[in-house]
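What follows is a short report on a single structure.
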Amino acid sequence: MLRSRITIGFHRLGIVLAVPLVVLALGLAVFEWENPSGPLTTQLPKGVLAYSFANNEPDTATQQVIDEQRAAGLNLPNNFMLVGLAGKTIGQDGVKWHQFELWDGREIGIATDDKTKLGDIARKFLLNEKINQHRYTDKDNIEIDTVPVKFLNWLDQALPEPSPWLVNTHQWTWPLIALSLAALIYIAMWALGWVISGFSRAST
202 MLRSRITIGF
212 HRLGIVLAVP
222 LVVLALGLAV
232 FEWENPSGPL
242 TTQLPKGVLA
252 YSFANNEPDT
262 ATQQVIDEQR
272 AAGLNLPNNF
282 MLVGLAGKTI
292 GQDGVKWHQF
302 ELWDGREIGI
312 ATDDKTKLGD
322 IARKFLLNEK
332 INQHRYTDKD
342 NIEIDTVPVK
352 FLNWLDQALP
362 EPSPWLVNTH
372 QWTWPLIALS
382 LAALIYIAMW
392 ALGWVISGFS
402 RAST
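Add 201 to a position in the sequence shown, counting from 1, and you land on the number used in the working numbering.
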């Protein structure tokens with residue numbers, strides 16, 4: 202009878218000590234799921250526009266853009282230039298503008314109804330900045346292939362850090378540590394109860 206009580210007592214003690222750690226592990230896991238804190242990784246959205254120069258050596262301006270993207274942390278194939286993502290059409294000052302999100306997070310407006318030209322114009326926008334050694338602002342009058350291009354909002358010229366297509370991965374280290382400690386404590390209490398129960402049986 203005493204042996205049974207000792208075993209049950211340590212079993213319950215193990216549960217009491219382990220449950221708070223299990224709750225903590227679950228809380229940490231939920232927080233990590235909603236707010237990833239792991240290393241940055243490249244996550245390109247569906248429909249993103251890019252150019253590959255696998256069979257050709259990219260020119261100087263293109264290479265500068267590629268180098269800038271790699272320096273920003275984007276994991277892209279060799280000789281691969283990311284341009285951006287075409288968005289919706291909006292009206293401003295009596296003109297229809299196609300919104301286009303560049304790879305670095307800036308957003309430009311392109312005044313053309315030909316959606317097939319969006320990627321090429323955006324690419325030339327990026328290349329012209331390198332060729333002219335000047336990053337465009339909302340003060341510039343920009344025209345590419347006779348098509349007006351501009352920042353539709355002065356905030357759109359801001360460079361977010363990091364690139365919007367660099368996202369944090371999930372880091373499960375701390376939830377796993379808390380869960381492992383809970384399991385270790387429970388097993389330790391159960392084992393201690395089993396050992397003490399054995400001594401109690403021997404003494405009787």
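Yeah, the Cβ is synthetic: ideal placement off N, Cα and C, and Gly gets one too. Remember, it's a predicted structure, so these values are computed and weren't measured experimentally.
Helix or strand or just coil, what does DSSP make of residue i?
i, result
"Phe-254", "coil"
"Glu-362", "coil"
"Pro-349", "strand"
"Thr-290", "strand"
"Val-249", "coil"
"Gly-239", "coil"
Closest to residue i by CA distance: which of the options is it?
i, options, result
"Glu-302", "Phe-232, Gly-215 and Val-350", "Val-350"
"His-212", "Trp-391, Trp-395 and Thr-374", "Trp-391"
"Gly-215", "Ile-397, Val-396 and Ala-383", "Ala-383"
"Ile-388", "Val-217, Arg-206 and Ser-253", "Val-217"
"Leu-275", "Ser-364, Asn-333 and Ile-309", "Ser-364"
"Val-223", "Ser-398, Val-396, Ile-397 and Leu-385", "Leu-385"
"Trp-366", "Leu-245, Arg-206 and Ile-209", "Leu-245"
"Asp-294", "Gly-310, Trp-304 and Leu-283", "Gly-310"
Take the Cβ of residue i as the centre, count every other Cβ of all protein chains shown within 10 Å, and call the residue buried at 16 or more, exposed below.
i, result
"Trp-234", "exposed"
"Ala-272", "exposed"
"Val-266", "buried"
"Trp-355", "exposed"
"Thr-374", "exposed"
What distance in whole Å lies between the Cβ atoms of residue j and residue i, which are believed to be in contact at a cut-off of 8 angstroms?
i, j, result
"Pro-278", "Thr-370", "With 8 angstroms as the limit, Pro-278 and Thr-370 do not qualify as a contact, their Cβ atoms being about 20 angstroms apart."
Subject >> Three or more C-beta pairs below 8 angstroms linking the stretch 371-386 and the stretch 222-229 >> reply: Counting Cβ pairs under 8 angstroms, three or more are found: they touch.
**OP:** Decide yes or no for the touch test of the stretch 317-331 against the stretch 275-291: beta carbon pairs closer than 8 angstroms, at least 3 of them.
**Re:** yes
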